[in-house]
Amino acid sequence: LEAGEAGGHPLWPMKLLVVGGGGREHALGWALRGDRRVNQIFFAPGNAGTSELGENLTIAATDGEGIAGWCAEARPDLVVIGPEAPLCAGLADRLRAERITVFGPGADGARLEGSKAFTKGLLKEAGVPTAGCERFTDYRLALAYSRAQAYPQVIKADGLAAGKGVVIAENAWEAAAALYEMMAKRVFGAAGAEVLIEEFLEGEEVSVHAVTDGQKMVVFPPAQDHKRIFDGNRGPNTGGMGAYAPAPVLGEEEMKRVRETILEPVLAGLRGRKMDYRGVLYAGLMVTRDGPKVLEFNARFGDPETQVLVPLAGARLLDVLLGAARGDLGDVGLPEVTGAALTVVVAADGYPEQPRLGDPVTLPPVPETGGMVFHAGTRWEGEQIVTAGGRVAAATGWGATLAEAHDRAYALARQIRFRGCQFRSDIGQKAFLRR
Ligand code: AMP
Ligand code: GLY
6 LEAGEAGGHP LWPMKLLVVG GGGREHALGW ALRGDRRVNQ IFFAPGNAGT SELGENLTIA
66 ATDGEGIAGW CAEARPDLVV IGPEAPLCAG LADRLRAERI TVFGPGADGA RLEGSKAFTK
126 GLLKEAGVPT AGCERFTDYR LALAYSRAQA YPQVIKADGL AAGKGVVIAE NAWEAAAALY
186 EMMAKRVFGA AGAEVLIEEF LEGEEVSVHA VTDGQKMVVF PPAQDHKRIF DGNRGPNTGG
246 MGAYAPAPVL GEEEMKRVRE TILEPVLAGL RGRKMDYRGV LYAGLMVTRD GPKVLEFNAR
306 FGDPETQVLV PLAGARLLDV LLGAARGDLG DVGLPEVTGA ALTVVVAADG YPEQPRLGDP
366 VTLPPVPETG GMVFHAGTRW EGEQIVTAGG RVAAATGWGA TLAEAHDRAY ALARQIRFRG
426 CQFRSDIGQK AFLRR
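First residue of the sequence shown: 6, per the working numbering; consecutive thereafter.
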């Protein structure tokens with residue numbers, strides 16, 4: 006393609022804005038900046054890694070006013086919204102009203118992530134397999150229902166609770182304590198006004214991402230996250246300590262089934278509610294003995310799943326995101342996946358409870374092929390990169406096999422150094438054990 010022949014797409018060179026500042030946004034920005042049609046990329050607010058790709062704006066991802074103001078001046082050709090908070094707050098609606106091309110659903114569609122009750126209703130109506138559940142706004146009714154159910158049972162606050170609003174109660178004591186904290190004490194604030202009590206599903210977790218323009222979709226290979234802080238899935242839940250793709254727990258046939266019985270019906274349900282959903286459908290699934298069932302939906306790319314999906318998407322990412330944002334994916338598809346990718350999150354001491362911040366970070370040189378360190382919680386302090394968040398970086402490798410991806414990712418992870426740095430040593434082990 007030559008400039009000006011981009012098949013109905015905005016004439017390149019293009020100017021992009023990525024909203025967010027985590028590993029996901031560095032990975033998205035890295036791939037998009039690598040597309041020769043993109044010559045300017047901005048991040049709000051970005052991190053030390055994204056500042057090497059383009060320009061970091063001193064605007065927070067949740068500062069809708071600030072972002073809208075910047076866009077009105079700069080008129081970017083595409084805005085990609087990374088995190089859920091700005092989506093739920095209606096940033097995409099606000100920018101679309103200003104005729105900006107935006108990747109990410111409006112506040113209506115973002116309820117898929119922002120409200121578990123909304124999603125359960127949609128799943129039930131569409132006949133999508135998911136855990137049985139009941140909703141409560143009354144603490145005493147919830148307590149009575151919980152006592153009558155089997156254990157373990159899963160108790161969830163309805164709204165966004167930064168990934169902490171889910172308790173797996175092993176017995177009546179734990180269930181009662183969780184209900185008390187969420188509904189009576191309101192430790193998650195308004196998110197606890199409504200609570201779901203859900204059937205416990207047993208199996209292996211996997212996430213499937215699809216990008217949709219509201220009608221059509223492209224589906225990424227299945228990815229597996231590692232949510233607990235320590236090896237062997239021990240310790241508290243985190244944002245995610247590592248991921249790999251494709252995850253062999255879902256083969257080609259099962260992926261077809263996921264698309265037909267889960268993703269397509271959910272998209273149809275959104276359309277039936279008059280939603281023009283342009284963004285990511287992230288299905289968090291449990292692969293049970295009766296097949297894949299939905300645990301949750303998110304309205305954005307996973308972090309750290311993005312860090313492994315992006316290298317596998319090859320050169321198509323810009324076309325996919327732009328097509329979805331414009332409401333017409335056309336016949337854009339993803340390349341057939343031949344290899345694999347794996348990422349290891351290097352976290353700060355004390356993460357997830359109380360991460361140490363402000364320590365100088367040493368990073369390895371960027372490999373020529375097959376690997377990349379995506380920054381997350383990093384920032385510049387003068388000439389030095391220092392830690393600025395719990396998850397500091399995601400050491401990512403890819404190659405013809407998962408073993409190759411694994412070795413490249415770990416070789417990088419071992420060269421990321423700062424005081425008290427920690428990472429899991431067993432990312433991808435489930436896939437290796439499966440063989
Ligand atoms: P959620 O935020 O709904 O994805 O829940 C967070 C985590 O809790 C999930 O990643 C699962 O590990 C676990 N979980 C949630 N719902 C269930 C369920 N019904 N059965 C078993 N585990 C669950
Ligand atoms: N890695 C899990 C998430 O992004 O929600």
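Note that beta-carbon positions come from the ideal geometry of N, C-alpha and C, so glycine has one too. These figures come from a predicted structure and were not determined experimentally.
Checklist entry - Would you report the Cα separation of Leu314 and Ile160, rounded to the nearest angstrom? => result Here residue 314 is taken as the residue at index 309 of the sequence shown, counted from 1. Here residue 160 is taken as the residue at index 155 of the sequence shown, counted from 1. Leu314 and Ile160: Cα-Cα distance of roughly 31 Å.
Item to check | Test item: CB-CB of Gly404 and Gly375 under 8 Å | outcome: By 1-based counting over the sequence shown, the position of residue 404 is 399. By 1-based counting over the sequence shown, the position of residue 375 is 370. Going by C-beta atoms, Gly404 is nearer than 8 Å to Gly375.
Item to check | Start and end residues, beta strand (DSSP E) containing Lys298 | outcome: Stepping through the sequence shown from its first residue, residue 298 is reached at position 293. Gly296 to Asn303 is the extent of the beta strand (DSSP E) around Lys298.
Checklist entry - Looking only at DSSP bridge pairs, what is Arg239 linked to? => result Locating residue 239 in the sequence shown gives position 234, counting from the first residue. Partner(s): Phe235.
Next on the checklist: Just list the residues that DSSP pairs His31 with in beta bridges.
Outcome noted: As a working mapping, residue 31 is identified with position 26 in the sequence shown. Bridge partners of His31: none, in fact.
Checklist entry - By Cβ distance below 8 Å, which residues in the same chain neighbour Arg101 in space, the five residues on each side in sequence not counted? => result To locate residue 101, count along the sequence shown from 1; it is residue 96. Excluding sequence neighbours, Arg101 sits near Val107 and Gly111.
Next on the checklist: Quick check: does the Cβ of Met246 come within less than 7 Å of any heavy atom belonging to the ligand AMP?
Outcome noted: For this step, residue 246 is matched to residue 241 along the sequence shown. Not under cutoff, so the answer is no.
Checklist entry - Taking all protein chains shown into account, do 16 or more other C-beta atoms lie within 10 angstroms of the C-beta of Ser430, making it buried, or fewer, making it exposed? => result Working through the sequence shown from its first residue, we reach residue 430 at position 425. Exposed, because fewer than 16 other Cβ atoms sit within 10 Å of the Cβ of Ser430.
Checklist entry - Which first and last residues belong to the beta strand (DSSP E) in which Ala398 is found? => result On the sequence shown, position 393 is the one that residue 398 refers to. Taken as a continuous stretch (DSSP letters only), the beta strand (DSSP E) holding Ala398 covers Arg396 to Gly404.
Item to check | 8 Å Cβ shell around Glu103 - same chain, five flanking residues per side excluded | outcome: The residue you call residue 103 lines up with position 98 of the sequence shown. Around Glu103: Ala73, Cys76 and Ala77.
Checklist entry - In three-state DSSP terms, what is Ala11? => result As a position in the sequence shown, residue 11 is number 6, starting the count at 1. For Ala11, the pLDDT reaches just 46, beneath the cut-off of 50, and the residue's location in the model is therefore unreliable, although a value from the coordinates is still provided. Coil, per DSSP.
Checklist entry - Roughly how many angstroms lie between the CA atoms of Gly25 and Ala345, to the nearest whole one? => result As a first step, residue 25 is located in the sequence shown; it is residue number 20 there, counting from the start. As a first step, residue 345 is located in the sequence shown; it is residue number 340 there, counting from the start. Roughly 26 Å separates the two Cα atoms.
Item to check | Secondary structure, alpha helix (DSSP H): runs of 4+ residues fully inside the segment 48–116 | outcome: 69–79, 89–93 and 96–102
Next on the checklist: Using only the alpha-carbon positions, how far apart do Val391 and Gly363 sit?
Outcome noted: Locating residue 391 in the sequence shown gives position 386, counting from the first residue. Locating residue 363 in the sequence shown gives position 358, counting from the first residue. If you take the alpha carbons of Val391 and Gly363, they lie about 5 Å apart.
Checklist entry - Which one of Phe437, Glu409, Thr401 and Leu407 has the shortest CA to CA distance from Gln420? => result Start at 1 with the first residue of the sequence shown, and residue 420 comes out as number 415. Comparing Cα-Cα distances from Gln420 to each of Phe437, Glu409, Thr401 and Leu407, the minimum goes to Thr401.
Checklist entry - Whose CA, out of Lys125, Ser151 and Lys190, lies closest to the CA of Ala177? => result As a working mapping, residue 177 is identified with position 172 in the sequence shown. For the residues Lys125, Ser151 and Lys190, the minimum Cα distance to Ala177 belongs to Ser151.
Checklist entry - If we count the other Cβ atoms within 10 Å of its Cβ and call it buried at 16 or more, is Thr383 buried or exposed? => result Here residue 383 refers to the residue found at position 378 of the sequence shown. Classification of Thr383: buried, given that the 10 Å Cβ count is 16 or more.
Checklist entry - Gln220 CB to nearest chain B CB: under 8 Å? => result The structure shown has no chain B; it contains just one protein chain.
Item to check | Complete runs of the beta strand (DSSP E) confined to the segment 144–194 [at least 3 residues] | outcome: 158–162 and 171–174
Item to check | For Leu339, the three-state DSSP class (helix, strand or coil) | outcome: As a working note, residue 339 is residue 334 in the sequence shown. Correct three-state label for Leu339: coil.
Item to check | Chain-order list of residues whose beta-carbon lies under 6 Å from that of Ile173 (same chain, five-residue window excluded) | outcome: For the purposes of this step, residue 173 is taken as the residue at position 168 of the sequence shown. Result list for Ile173: Pro157 and Val159, in chain order.
Checklist entry - Under 8 Å between the Cβ atoms of Val211 and Leu255? => result Walking along the sequence shown from the start, residue 211 turns up at place 206. Walking along the sequence shown from the start, residue 255 turns up at place 250. Taking 8 Å as the Cβ cut-off, Val211 and Leu255 qualify as a contacting pair.
Checklist entry - Of the choices Ala408, Thr243, Ala414 and Pro365, whose alpha-carbon is the least far from that of Arg422? => result Numbered from 1 along the sequence shown, position 417 holds the residue referred to as residue 422. With distances taken between Cα atoms, Arg422 lies closest to Pro365.
Next on the checklist: Taking the beta carbon of Arg413 as the centre, do at least 16 other beta carbons fall within 10 Å, making it buried, or is it exposed?
Outcome noted: Along the sequence shown, read from residue 1 onward, the residue named residue 413 stands at position 408. Buried: at least 16 other Cβ atoms inside 10 Å.
Item to check | alpha helix (DSSP H) runs contained entirely in the segment 319–391, provided each spans 4 or more residues | outcome: 322–330
Checklist entry - Is the beta carbon of His380 less than 8 Å from the beta carbon of Ala352? => result If you number the sequence shown from 1, residue 380 lands on position 375. If you number the sequence shown from 1, residue 352 lands on position 347. Against a cut-off of 8 Å, the Cβ pair of Ala352 and His380 comes out as no contact.
Next on the checklist: By DSSP's criteria, Arg140 is part of a beta bridge. Which residues make up the other side?
Outcome noted: Translated into positions along the sequence shown, residue 140 becomes position 135. Note: Arg140 sits in a beta bridge opposite Leu201.
Checklist entry - In whole angstroms, what is the alpha-carbon distance linking Gly425 and Gln220? => result Taking the first residue of the sequence shown as 1, we reach residue 425 at position 420. Taking the first residue of the sequence shown as 1, we reach residue 220 at position 215. For Gly425 and Gln220, the distance between alpha carbons rounds to 47 Å.
Next on the checklist: Would you say the beta carbon of Leu275 is closer than 7 Å to some non-hydrogen atom of the ligand AMP?
Outcome noted: Locating residue 275 in the sequence shown gives position 270, where the first residue counts as 1. For the ligand AMP, not one heavy atom lies less than 7 Å from the Cβ of Leu275.
Checklist entry - Nearest to Leu3 by alpha carbon, out of Leu92, His231, Ala215 and Leu275? => result Only positions 6 to 440 of the chain appear in this structure, which leaves residue 3 out of reach.
Next on the checklist: So, does the segment 220–237 touch the segment 81–96, judging by three or more C-beta pairs under 8 Å?
Outcome noted: no
Checklist entry - Can Phe123 be considered in contact with the ligand AMP, in the sense that its beta carbon sits closer than 7 Å to one or more heavy atoms? => result The residue labelled residue 123 in the question sits at position 118 within the sequence shown. For the ligand AMP, not one heavy atom lies less than 7 Å from the Cβ of Phe123.
Next on the checklist: Using C-beta distances below 6 Å, list every residue in its chain close to Val337, excluding the 5 sequence neighbours before and after it, in chain order.
Outcome noted: The sequence position of residue 337 within the sequence shown is 332, counting from 1. Within the same chain, Val337 has close Cβ partners Asp324, Val325 and Gly328.
Checklist entry - In terms of alpha-carbon separation, which member of Val292, Arg294, Gly277 and Gly307 lies closest to Gly2? => result Beyond the ends of the chain as shown, which are 6 and 440, falls residue 2; an answer cannot be given.
Checklist entry - Do you know how far the Cα of Gly394 is from the Cα of Pro360? => result For this step, residue 360 is matched to residue 355 along the sequence shown. For this step, residue 394 is matched to residue 389 along the sequence shown. Between Pro360 and Gly394, the C-alpha separation is close to 7 Å.
Next on the checklist: Could you check whether Glu179 and Gly87 sit closer than 8 Å to each other, using their CB atoms as the reference points?
Outcome noted: Residue mapping note: residue 87 aligns to position 82 of the sequence shown, counting from 1. Residue mapping note: residue 179 aligns to position 174 of the sequence shown, counting from 1. Contact flag unset, no.
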